[in-house]
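FYI, this note's numbering numbers position 192 of the sequence shown as 1356, with every residue one higher than the one before it.
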Amino acid sequence: MKKQKKLIIVGNTTNARLAHWYFSHDSSYEVVAFSVHEAYIQTNVWQGLPVVPYEQLEQLYPPDHFDAFVAIGYKKMNQIREQMYTQTKAKGYFLPNYISSRCTFLTEAPIGDNNLILEDNTVQPFVHIGNNNVLWSGNHIGHDTVLHHHITLTSQVVVSGYCTIHNNCFLGVNATIHNEVTLAKATLVGAGAIIRKNTRKKEVYLPAKTILWHKKSDELDF
1165 MKKQKKLIIV GNTTNARLAH WYFSHDSSYE VVAFSVHEAY IQTNVWQGLP
1215 VVPYEQLEQL YPPDHFDAFV AIGYKKMNQI REQMYTQTKA KGYFLPNYIS
1265 SRCTFLTEAP IGDNNLILED NTVQPFVHIG NNNVLWSGNH IGHDTVLHHH
1315 ITLTSQVVVS GYCTIHNNCF LGVNATIHNE VTLAKATLVG AGAIIRKNTR
1365 KKEVYLPAKT ILWHKKSDEL DF
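Here is the structure:
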């Protein structure tokens, strides 16, 4: 794919490394540098590219000539990514989406910016997606669902139809959200949890604990 645009990735951890790979292999962007606050720079070169101080980003890579993507994880319920998204946008950068060519993206509704949507996601018709969300590999987003902003869905999450997920929510691996359920702001749904009713702000949901059985595997009729 011909590279027609140049991109700065904000971040220098796992999410940034993966964003670099995805944009490099499956987009029209050439990644030219990483950027983090100067206090967090451990090396001046990473993944073969320069790491530049975020405080000097506009001078080194002006927003008139470069776009930026904020690739930061979900710590503090996505608030750090939200802060960097807001600051980077205020600097004047255009923040593109990455939508994998290997996902099933059927909605025709407008989508926000700085979304990372990886392979094998199924996004059904009439889904609305806001800004700065991460949909890791292999999720199902049911029709007429609304994802607001600064959300993380890990992998194999099922969000059924007509759901609403508000800002800063986190959904762990294999979480299931039933039809017409609303997750309030900053709801944390643990891996394997099933949500059947609306939540309230900052609630945490964990599934039943898996127990260690008292017999060994070769003692079972299995």
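Ideal Cβ placement from N, Cα and C applies to all residues, glycine included.
All values derive from a computational prediction rather than experimental measurement.
The count of Cβ pairs closer than 8 Å, one atom from the stretch 1221–1230 and one from the stretch 1278–1295, stays below three, leaving the stretches out of contact. For the pair T1340 and I1329, the CB atoms are not nearer than the 8 Å cut-off. Restricting attention to T1351, I1305, V1368, the CA atom closest to the CA of N1343 is found in I1305. Membership of S1199 in any alpha helix (DSSP H) is not indicated; the residue belongs instead to the beta strand (DSSP E) covering 1193–1200.
Under DSSP, D1231 takes part in a beta bridge, and its partners are L1171. In the DSSP secondary-structure assignment, T1374 is not bridged to any residue. Remark: C-beta atoms of N1179 and I1244 do not approach each other more closely than 8 Å. A Cβ-Cβ distance of about 5 Å is found for the pair V1195 and L1171, placing them in contact under the 8 Å criterion. As DSSP reads the structure, L1213 sits in a beta bridge with W1210.
Residue environment for G1175: buried (at least 16 other C-beta atoms within 10 angstroms of its C-beta). Residue pairing of L1270 in beta bridges, as defined by DSSP: absent, with no partner found. Take I1205, set aside five residues on each side of it, and the residues of its chain with a beta-carbon closer than 7 Å to its own are V1215, P1217, in chain order. Judged by DSSP secondary structure, A1183 falls within the alpha helix (DSSP H) whose first and last residues are 1178–1189. For the pair T1363 and T1374, the CB atoms are not nearer than the 8 Å cut-off. 8 Å or more divides the Cβ of S1191 from the Cβ of Y1238.
Under the criterion of beta carbons closer than 8 Å, A1197 and L1213 qualify as touching, at roughly 5 Å.
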